[in-house]
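Going from the sequence shown to the working numbering is simple: count from 1 and add 34. Here a beta-carbon is modelled for each residue, glycine too, at the ideal position from N, C-alpha and C.
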Amino acid sequence: MADTLEGRVVAALAGIRNPRLDNDLLSAGMIRDLAVTEQGGVSFTFLLAADDPATLVRQARAAVQAVDGVQRDAIKISVTNPSAAAPPPQAANVPAGQPNLGRILAISSGKGGVGKSTVSVNVAVALAQDGARVGLMDADIYGPNVPRMFGVFEKPPVVGGRIQPLVAHGVKLMSLGFLVERDAPAIWRGPIIMKIVTQFLRDVDWGDLDYFIVDLPPGTGDAQLSLVQATQVAGAVIVTTPQEVAVGDALRGARMFERVGVPVVGVVENMSAFVDPETGRRFELFSSGGGQRLAEEIGVPLLGSVPLQARLAEQADAGRPVLVASPESPAAASLREVAAELRRLTAGRSAALPILRN
Ligand SMILES: Nc1ncnc2c1ncn2[C@@H]1O[C@H](COP(=O)(O)OP(=O)(O)OP(=O)(O)O)[C@@H](O)[C@H]1O
Ligand SMILES: [Mg+2]
């Protein structure tokens with residue numbers, strides 16, 4: 035971040051103190067809607083209270099002008115009174131909010147292969163079918179599989195310098211899988227992951243959304259941390275399989291989110307019993323109850339148990355999520371229920387707040 039133009043501009047603004055608040059301009063929430071273009075253009079809104087010294091605006095302009103790469107005559111500052119701008123400044127150490135993304139939900143798991151992508155994709159489709167505006171970001175940079183699961187492989191177009199998400203089954207999509215060759219990202223490490231996650235959040239033209247679903251890689255690595263540092267996540271969902279009796283990994287993941295201030299909204303148990311579509315009879319193929327146990331351990335609700343569904347993998351690989359391919363199936367019904375629960379549980383929570391904070 036610091037070695038980008040935007041990073042240098044942010045650092046310059048963070049270097050100016052407001053003596054009245056004994057805080058810097060950024061931490062005091064006085065800068066909003068900061069936009070930095072590749073050509074060196076900078077624009078932002080300056081929230082100047084009646085009793086703030088007006089010289090702060092001049093100081094901010096001078097500091098931005100001095101940043102290497104900024105065009106002197108392409109700096110646009112709109113000064114407004116904070117009482118005219120909602121919402122009020124928030125506590126320190128909260129990352130930048132992106133109100134246009136709506137409620138950001140991170141789909142996570144301790145182990146790989148338990149169904150994060152299946153849950154992400156189908157919850158996104160369910161919310162979209164219900165009339166919500168939904169975006170889905172594939173943050174699984176090591177094995178991005180959202181493109182295959184939606185059957186879209188084109189390169190996203192770039193319009194006016196912004197990457198346009200692709201749209202499938204009513205959901206706006208972005209994945210590293212659209213942008214790079216297969217297998218290339220396997221060697222990528224922390225700083226690059228941070229950059230990709232931040233760019234997907236900021237440089238993709240998501241428009242106005244109600245829900246923003248993030249399909250994470252398993253575990254508690256760089257992608258998870260980057261996400262919570264780069265934006266305000268409304269809630270994390272932990273996916274597990276029933277036989278994961280040792281809930282250790284999933285629990286560690288949940289604790290990580292709680293530590294960084296992201297509430298865990300619930301647990302989804304996937305690949306639980308097989309339900310015979312003909313008779314509706316349940317077959318418990320594995321030891322069961324792992325989801326419930328994990329939910330109890332974390333102290334959150336079990337959002338749903340998604341049964342094993344014949345041909346789900348095959349259809350998913352052909353770009354047809356189970357919600358679309360077999361909408362009447364028990365798995366689809368259960369995934370719709372998970373989406374409805376998430377909708378209900380996050381309804382009272384405010385969407386990300388529009389304050390820039392780096
Ligand atoms: N309920 C289910 N019934 C049958 N197959 C399922 C079910 N859920 C997931 N699958 C299949 O299991 C495999 C793993 O699921 P998925 O890719 O969603 O897991 P993941 O947690 O995202 O994995 P990874 O950690 O590799 O990203 C996929 O082939 C998927 O189609
Ligand atoms: Mg996955």
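Check, Outcome
"Taking the alpha helix (DSSP H) that residue 291 falls in, what are its first and last residues?", "282-293"
"Identify every residue that forms a DSSP beta bridge with residue 272.", "142 and 301"
"Rounded to a whole number of angstroms, what is the C-alpha to C-alpha distance between residue 48 and residue 176?", "34 angstroms"
"Helix, strand or coil: which one does DSSP assign to residue 154?", "helix"
"Assign residue 167 to one of two classes, buried (16 or more other C-beta atoms within 10 Å of its C-beta) or exposed (fewer than that).", "buried"
"Taking the Cβ atom as the reference point for each residue, do residue 325 and residue 303 lie within a distance shorter than 9 angstroms?", "yes"
"Label residue 381 either buried or exposed according to how many other C-beta atoms from any shown protein chain fall within 10 Å of its C-beta, with 16 as the threshold for buried.", "exposed"
"To the nearest angstrom, how far is the alpha carbon of residue 343 from that of residue 137?", "29 angstroms"
"Is residue 122 buried or exposed, if buried means 16 or more other CB atoms sit within 10 Å of its CB?", "Note on residue 122: pLDDT 43, under 50, position unreliable in the model; the coordinate value appears next. The residue is exposed, with fewer than 16 neighbouring Cβ atoms inside 10 Å."
"Report yes if the C-beta distance between residue 323 and residue 283 is below 9 angstroms; otherwise report no.", "no"
"Could you check if residue 249 is buried or exposed, using at least 16 other CB atoms within 10 Å of its CB as the buried criterion?", "buried"
"Pairing CB atoms from the stretch 147-157 with CB atoms from the stretch 189-199, are three or more of them under 8 angstroms?", "no"
"Considering only the beta carbon of each residue, do residue 251 and residue 131 sit closer than 9 angstroms?", "no"
"Distance check for residue 305 and residue 357, CA to CA, integer angstroms please.", "15 angstroms"
"What's the gap between the Cα of residue 51 and the Cα of residue 116?", "17 angstroms"
"Contact between the stretch 358-366 and the stretch 259-269 is defined here as three or more beta-carbon pairs at a separation below 8 angstroms; is this criterion met?", "no"
"Straight-line CA distance for residue 268 to residue 207?", "19 angstroms"
"Is residue 389 buried or exposed, if buried means 16 or more other CB atoms sit within 10 Å of its CB?", "Reliability fails at residue 389, whose pLDDT of 28 lies under 50, so the model's placement of it is uncertain and no value is given."
"DSSP three-state call for residue 341: helix, strand or coil?", "strand"
"In whole angstroms, what separates the C-alpha of residue 353 from that of residue 378?", "28 angstroms"
"Determine which residues share a DSSP beta bridge with residue 393 and list them.", "This structure cannot speak to residue 393, because the chain is shown only from 35 to 392."
"Would you please state the rounded distance, in angstroms, between the beta carbons of residue 187 and residue 202? I believe it to be under 8 angstroms.", "Actually they do not touch by this definition, with Cβ atoms about 11 angstroms apart."
"Can you list, in chain order, the residues of its chain whose CB lies under 8 angstroms from that of residue 73, leaving out five sequence neighbours each side?", "105 and 108"
"In the DSSP assignment, find the unbroken beta strand (DSSP E) run with residue 69 in it and report its ends.", "65-70"
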